[in-house]
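Position 160, counted from 1, in the sequence shown is what my numbering calls 242; the numbers after and before it change by one each time, with no gaps.
Take a look at the structure set out below.
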Amino acid sequence: MNAFQHHIRLVRHDEGELVLAIINEAAERYHGVIPADCWHDPYFSADYLASETAAGVRFFGHDAGEGLLGVMGVQDVDDVTLIRHAYVLPCAQRGGIGSGLLLSLLATIDKPVLIGTWADAVWAVAFYEKHGFACVSVDEKTRLLRRYWDIPERQVETSVVLARSY
83 MNAFQHHIRL VRHDEGELVL AIINEAAERY HGVIPADCWH DPYFSADYLA
133 SETAAGVRFF GHDAGEGLLG VMGVQDVDDV TLIRHAYVLP CAQRGGIGSG
183 LLLSLLATID KPVLIGTWAD AVWAVAFYEK HGFACVSVDE KTRLLRRYWD
233 IPERQVETSV VLARSY
């Protein structure tokens, strides 16, 4: 069993403000890295969170007893599962929380897993590569993003897709 697995739980509906706080604080790292026309302030709004959960994104959190320190979403879309919106509070990063979330969720998924992230977020790409994911080709990335995600064309242009390597 993963050391963090006992800390991973489904985020409750009444924790939306906490989820937003975690995402928006952690997403500050993207400011100035991703294209300026893709940055929003706040990065994640309450309306966007509501639309993502309505679209089937289920958020899980790492809770060591003091509250959530990180969140990660999963979304089943047709024949794949997408890992969505993975964020850890900056004060808790590099302590295994993201890895614990990812490994715990992967243990429950029995179909292909895809992850989309910003191409220039090299730290995020490296994190997923460390966990057995690899970037797909540019043509495959574009096909996958258009099929499984509902994102603007500009985001398609500036993102990568990683798939599990077996």
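Yeah, the Cβ is synthetic: ideal placement off N, Cα and C, and Gly gets one too.
(request) Taking only the alpha-carbon atoms, compute the straight-line gap between R166 and D160 and give it to the nearest angstrom. (result) The alpha-carbon atoms of R166 and D160 are separated by roughly 15 angstroms.
(message) Using 9 angstroms as the threshold, is the C-beta distance between L188 and F142 below it?
(response) L188 is not a Cβ neighbour of F142, given a cutoff of 9 angstroms.
(message) My parser needs the beta strand (DSSP E) runs of 3 or more residues fully inside the segment 143-208; what are they?
(response) Those beta strand (DSSP E) runs which fall completely within the segment 143-208 and span 3+ residues are 150-159, 162-170, 195-200.
(request) Tell me the start and end of each unbroken alpha helix (DSSP H) in the segment 90-127 that is at least 4 residues and wholly inside, in chain order. (result) If we require 4 residues or more, the alpha helix (DSSP H) runs fully inside the segment 90-127 come out as 98-109.
(request) Determine, using beta carbons only, whether V204 and L227 come nearer to each other than 9 angstroms. (result) Using a Cβ distance threshold of 9 angstroms, V204 and L227 do not count as a contacting pair.
(message) Considering just the uninterrupted stretch of the alpha helix (DSSP H) at V220, what are its terminal residues?
(response) 220-230 is the extent of the alpha helix (DSSP H) around V220.
(message) Tell me the rounded alpha-carbon separation between I104 and G147.
(response) About 16 angstroms.
(request) With distances taken Cα to Cα, identify the nearest neighbour of P124 among H144, E99, M154. (result) For P124, the closest alpha carbon among the candidates H144, E99, M154 is that of E99.
(request) For H144, count neighbouring Cβ atoms within 10 angstroms of its own Cβ and tell me buried if that reaches 16, exposed if not. (result) By the 10 Å Cβ count, H144 comes out buried.
(request) Indicate the three-state DSSP secondary structure (helix, strand or coil) for V139 in the structure shown. (result) DSSP, read as helix, strand or coil, puts V139 in coil.
(message) Does the structure place the segment 214-224 close enough to the segment 171-179 that three or more beta carbon pairs sit under 8 angstroms?
(response) No, the segment 171-179 does not touch the segment 214-224.
(message) Which same chain residues end up closer than 8 angstroms to L196 when comparing Cβ atoms and leaving out the 5 residues on each side of it in sequence?
(response) Taking L196 as the centre and dropping the five residues before and after it, the same chain places the C-beta of V162, T163, L164, I165, L226, Y230, V243, L244, A245 closer than 8 angstroms to its C-beta, in chain order.
(request) Starting from the Cα of L171, find the closest Cα among V238, A109, E97, H95 and give me that residue. (result) Here the closest residue by C-alpha is A109.
(request) Compare the Cα-Cα distances from F126 to each of D96, C217, G155, V101 and report the closest residue. (result) The candidate whose alpha carbon is nearest that of F126 is V101.
(message) Taking the alpha carbon of A201 as the reference point, which residue from R94, T240, L184 has its own alpha carbon closest?
(response) The residue with the shortest Cα to Cα distance from A201 is T240.
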